[in-house]
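Colleague: The following block contains the structure, expressed as structure tokens.
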Amino acid sequence: MESHRLLSQQSLFQGPSVEEFELPGADLTLHKSVWVQPDGDLLCQQLVEELEWSQDKISMFGQVHDVPRLNAWYGDRDCSYSWSGIQMSPMEWTPTLSSIRQRVIELAGEEFNSVLANLYRDGSDKVDWHADDEQVLGLTPVIASVSFGASRKFRLRRKDRSLTATDIVLDSGDVLVMRGPTQQLWEHQVPRTKMVKEPRVNLTFRKVRVAA
Ligand SMILES: O=C(O)CCC(=O)C(=O)O
């Protein structure tokens, strides 16, 4: 695994530190510790309890499997979303999600009208290689990914496999903002790990294009 960290900027007085990465065709900004401990872990616990998690199923090679994590889709009323054949209608923003969304909008300077919540119950839950490149998100979507709870590796690779994969560790309270051609040229996964026994909640804030 190669390290492509370009810039690490620590500012004790101007808010969370920011890291950027030298990955051709990817535009990533990692805001570290936007929520400091114990707030990150408390929010993890609160979201585990408050959100309406569902166990989605996926059909592969004629067999139906449980998706290896729990999911929940929240957003503005008209923000339906479909992912790998799973059709999701948005649930109404909860006060907790609304306040996290507000912080993320300020940080990223972008509006988000929906969020996909992922609950990794422990290290055996994962998400496989994919890109957030659904048509409804547009060609160059801005995705803000917020992590609470257990630290997990976020692995990225070029779709054309021209570079080796790279790992970014996402800790509780971090926000990773992905922009520009990232979803066109790169894909990502959160691999399984035997090392992690604690839950993690990840929130990916998105802007779904709504038909007029
Ligand atoms: O859990 C993560 O960090 C990534 C989640 C993800 O890839 C997604 O929701 O599309």
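For the sequence shown, counting from 1, position 99 maps to 98 in numbering that gives the first Met the number 0; every step adds exactly one. Cβ coordinates follow ideal geometry from the N, Cα and C atoms, glycine included. Since the structure is predicted, the reported quantities are computational estimates derived from the model, not experimental observations.
Mapping DSSP to helix, strand and coil, what is ARG208?
Modeller: Your numbering for residue 208 matches position 209 in the sequence shown. Coil, per DSSP.
Colleague: Below 8 Å on the Cβ atoms is my contact criterion, and I expect VAL103 with VAL35 to pass it. Report the Cβ-Cβ distance as a whole number of Å.
Modeller: Against the sequence shown, residue 103 aligns to sequence position 104. Against the sequence shown, residue 35 aligns to sequence position 36. Wrong, their Cβ atoms sit about 16 Å apart, outside the cutoff.
Colleague: Which residues in the same chain as TRP66 place their Cβ atom closer than 6 Å to its Cβ, once the five residues preceding and following it in sequence are excluded?
Modeller: Locating residue 66 in the sequence shown gives position 67, where the first residue counts as 1. The residue asked about is misnamed: residue 66 is Val in this sequence, not Trp. Excluding positions up to five away in sequence, the list reads ASP55, ILE57.
Colleague: Could you tell me the alpha carbon to alpha carbon distance between ASP38 and GLU51, rounded to whole angstroms?
Modeller: One-based indexing of the sequence shown puts residue 38 at position 39. One-based indexing of the sequence shown puts residue 51 at position 52. C-alpha separation (whole angstroms): 21 Å.
Colleague: So LEU69 and SER53 are in contact, right, with Cβ under 8 Å, and what is the actual spacing, rounded?
Modeller: As a working note, residue 69 is residue 70 in the sequence shown. As a working note, residue 53 is residue 54 in the sequence shown. Correct: roughly 7 Å between the Cβ atoms.
Colleague: Where does VAL126 fall in DSSP's three states?
Modeller: Locating residue 126 in the sequence shown gives position 127, where the first residue counts as 1. If DSSP states are grouped into helix, strand and coil, VAL126 belongs with the strands.
Colleague: Does DSSP classify LEU6 as helix, strand or coil?
Modeller: To locate residue 6, count along the sequence shown from 1; it is residue 7. At LEU6, the pLDDT of 47 sits below 50, so the modelled position is not reliable; the number obtained from the coordinates is stated separately. In this structure, LEU6 counts as strand in the three-state DSSP scheme.
Colleague: Using only the alpha-carbon positions, how far apart do PRO42 and ALA149 sit?
Modeller: Locating residue 42 in the sequence shown gives position 43, counting from the first residue. Locating residue 149 in the sequence shown gives position 150, counting from the first residue. Correcting the residue identity first, residue 42 is Leu in this sequence and not Pro. Using only the alpha carbons, I get a separation of about 12 Å.
Colleague: Buried or exposed for LYS196, going by 16 or more other Cβ atoms inside 10 Å?
Modeller: For the purposes of this step, residue 196 is taken as residue 197 along the sequence shown, with counting starting at 1. Burial call: exposed.
Colleague: Just to confirm my understanding: we take ASP77, look at its own chain, exclude 5 residues before and 5 after, and list those with CB closer than 7 Å. What are they?
Modeller: Counting from 1 along the sequence shown, the entry for residue 77 is found at position 78. Here the set comprises VAL209.
Colleague: From the DSSP output, in three-state form, read off LEU11 for me.
Modeller: Residue 11 sits at position 12 when you count from the first residue of the sequence shown. Reliability fails at LEU11, whose pLDDT of 49 lies under 50, so the model's placement of it is uncertain and no value is given.
Colleague: Closest to ARG191 by CA distance: which of SER98, TYR119, TRP92, ALA71 is it?
Modeller: On the sequence shown, residue 191 is found 192 positions in, with the first residue counted as 1. For the residues SER98, TYR119, TRP92, ALA71, the minimum Cα distance to ARG191 belongs to TYR119.
Colleague: Please tell me whether, using a cut-off of 7 Å, the distance from the CB of ASN112 to the nearest non-hydrogen atom of ligand 1 is below it.
Modeller: Position 113 of the sequence shown holds residue 112. It does not: the Cβ of ASN112 is nowhere closer than 7 Å to a heavy atom of ligand 1.
Colleague: Less than 7 Å between C-beta atoms, sequence neighbours within five positions excluded: which residues of the same chain meet that for ILE99?
Modeller: Against the sequence shown, residue 99 aligns to sequence position 100. Closer than 7 Å at Cβ, skipping near neighbours: VAL145, LEU202.
Colleague: Regarding LEU41 and ligand 1, is the C-beta to nearest heavy atom distance less than 7 Å?
Modeller: Taking the first residue of the sequence shown as position 1, residue 41 is located at position 42. No - ligand 1 has no heavy atom lying nearer than 7 Å to the Cβ of LEU41.
Colleague: On the DSSP letters alone, give me the boundaries of the beta strand (DSSP E) that THR28 sits inside.
Modeller: For this step, residue 28 is matched to residue 29 along the sequence shown. 26-30 is the extent of the beta strand (DSSP E) around THR28.
Colleague: Can you name the start and end residues of the beta strand (DSSP E) that GLU18 belongs to?
Modeller: Numbered from its first residue, the sequence shown carries residue 18 at position 19. From DSSP, the beta strand (DSSP E) with GLU18 extends over 17-20.
Colleague: Ignoring anything shorter than 3 residues, give me the beta strand (DSSP E) runs that lie fully in the region 144-170, in order along the chain.
Modeller: Counting whole runs of 3 or more residues, the region 144-170 contains the beta strand (DSSP E) stretches 151-157, 165-169.
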